[in-house]
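Right, one structure below, let's go through it.
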Amino acid sequence: MNDSSQYTPPKVWTWDAANGGEWDSINRPIAGPTHDKTLPTGKHPIQVYSLATPNGVKVTAMLEELLELGLEGAEYDAYPIRIGDGDQFGSGFVEVNPNSKIPAIMDHSISPPTRVFESGAILLYLAEKFGALLPADAANRAECLSWLFWQIGSAPYLGGGFGHFYKYADEKFEYSINRYTMEVKRQLDVLDRHLSISQYMCRDEYTIADIAIWPWYGALVLENVYDAAEFLDVNSYTHLVRWANEIALRTAIQRGRIVNRTWGTLEEQLHERHDASDFERRTQDKLEDSKQLSS
Ligand SMILES: N[C@@H](CCC(=O)N[C@@H](CS)C(=O)NCC(=O)O)C(=O)O
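Numbering-wise (my numbering), the sequence shown opens with residue 175 and increments by one.
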């Protein structure tokens with residue numbers, strides 16, 4: 175890698191060198207598929223192709239919330255797209271999301287079966303389809319959508335900016351870390367001030383705005399994401415921590431965050447989800463395992 179203080183950009187950039195960093199192998203400057211691969215399809219109306227990153231958790235948490243509300247049409251099959259292995263560049267996935275990023279869904283309950291990609295679009299699509307988790311009156315709906323779109327616009331500074339330069343980049347550049355830390359702390363303060371006067375993102379109603387923001391900013395203040403809890407002094411954002419803790423207790427969040435999770439402890443992983451009983455079976459399998467280990 176070039177020494178940044180010596181680097182003069184060429185007239186035309188060419189793709190002839192690795193950028194370095196943990197995600198180097200999947201970064202490329204062109205779109206489209208790299209290989210043929212058909213996606214699996216299960217028995218439910220909604221098919222989810224995703225991974226339990228913050229963007230992926232938004233969708234599985236949303237579907238679990240809808241199921242908690244008794245909306246059976248939200249039953250879904252979820253298949254992992256292993257982005258570290260390049261699954262997002264398979265031909266079947268690119269047909270569902272030409273942008274090659276998780277999450278993406280197919281809705282087979284309508285004709286023709288319809289694709290939806292971009293997590294914000296998926297949340298809005300599902301909220302409108304099921305008439306849930308999106309306020310009906312104009313003022314509250316506007317507030318909810320404002321925060322939903324705030325999340326979509328803000329999180330790239332947290333993930334692609336701060337997370338990349340603080341955690342994943344091979345070299346630590348003070349300029350880049352300062353720039354993105356400034357912005358992330360400003361975002362945390364935006365949320366903290368708002369949540370000091372509001373129970374949820376949209377007044378006293380739990381909505382898709384909370385479902386979009388929690389997997390990024392809730393997880394950031396609760397789970398030491400990027401090993402940055404101390405660096406960002408996350409506990410000083412007390413109202414945000416209060417909100418994050420409250421949402422973390424929801425069954426749908428606890429379920430949604432382990433669907434398509436392929437890392438962490440075994441009890442945090444449910445690679446594929448086809449039925450609510452998959453969660454219980456997981457617990458049962460664990461109990462059987464621990465009985466065998468202790469006998
Ligand atoms: N704006 C998109 C962002 C999706 C996104 O960045 N997904 C990441 C994982 S969190 C991904 O699939 N990365 C694979 C890649 O960049 O090749 C959304 O909200 O859905």
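Every residue, glycine too, gets a C-beta built ideally from N, C-alpha and C.
In its own chain, which residues sit with a C-beta less than 6 Å from the C-beta of residue i, not counting the 5 before and 5 after it?
i: Arg447; result: Ala252 and Val433
i: Leu414; result: Leu365, Asp366, Leu369 and Val395
i: Leu406; result: none
i: Trp417; result: Leu369
i: Ala383; result: Cys318, Trp321, Leu322, Met375 and Cys376
i: Glu249; result: His218
i: Val358; result: Leu332 and Phe336
For residue i, which option in the options has the closest C-alpha, if you only look at C-alpha atoms?
i: Lys217; options: Ser293, Gly247, Pro207 and Ile200; result: Gly247
i: Pro228; options: Lys185, Trp388 and Asp407; result: Trp388
i: Glu420; options: Tyr380, Glu404 and Gln443; result: Tyr380
i: Phe323; options: Gln443, Ile296, Ser285 and Glu249; result: Ile296
i: Pro203; options: Ala329, Ile385, Val270 and Ser274; result: Ser274
i: Pro277; options: Phe291, Glu196, Ile220 and Gln428; result: Phe291
Which same chain residues, not among the five before or five after residue i, have their C-beta less than 7 Å away from its C-beta?
i: Ala426; result: Ala235, Glu238, Glu239 and Glu242
i: Glu442; result: Ile432 and Arg435
Going by the CB atoms, is the gap between residue j and residue i shorter than 7 Å?
i: Phe336; j: Tyr354; result: yes
i: Ser283; j: Pro207; result: no
i: Ile200; j: Leu225; result: no
i: Thr436; j: His445; result: yes
i: Tyr340; j: Ile351; result: yes
i: Gln361; j: Ser328; result: yes
i: Val268; j: Gly430; result: no
Compute the minimum distance between the beta carbon of residue i and the heavy atoms of ligand 1, and state whether it is under 6 Å.
i: Lys275; result: yes
i: Glu239; result: no
i: Ile257; result: yes
i: Asn229; result: yes
i: Ile200; result: yes
i: Ser293; result: yes
i: Gln262; result: yes
Is residue i close to chain E, meaning its C-beta is less than 7 Å from at least one C-beta of that chain?
i: Arg424; result: The question asks about chain E, but that chain is absent: this structure has only one protein chain.
Kindly list the residues whose CB is nearer than 8 Å to the CB of residue i, restricted to its own chain and excluding five residues on each side of it in sequence; keep chain order.
i: Gln373; result: Trp417
If we require 4 or more residues per run, which alpha helix (DSSP H) segments fall completely within the stretch 192-269?
As far as the stretch 192-269 is concerned, its whole alpha helix (DSSP H) runs of at least 4 residues are 228-242.
What alpha helix (DSSP H) runs, 4 residues minimum, are completely inside the stretch 382-444?
Those alpha helix (DSSP H) runs which fall completely within the stretch 382-444 and span 4+ residues are 382-387, 393-396, 403-406, 412-422 and 425-430.
What ranges does the beta strand (DSSP E) occupy inside the stretch 297-330, keeping only unbroken runs of at least 3 residues that lie completely in it?
Under the rule that a run must span 3 or more residues, no beta strand (DSSP E) segment is found entirely inside the stretch 297-330.
Kindly provide the ranges of any beta strand (DSSP E) runs that are 3 or more residues long and lie completely inside the stretch 344-376, ordered along the chain.
Along the stretch 344-376, the beta strand (DSSP E) does not occur as any fully enclosed run of 3 or more residues.
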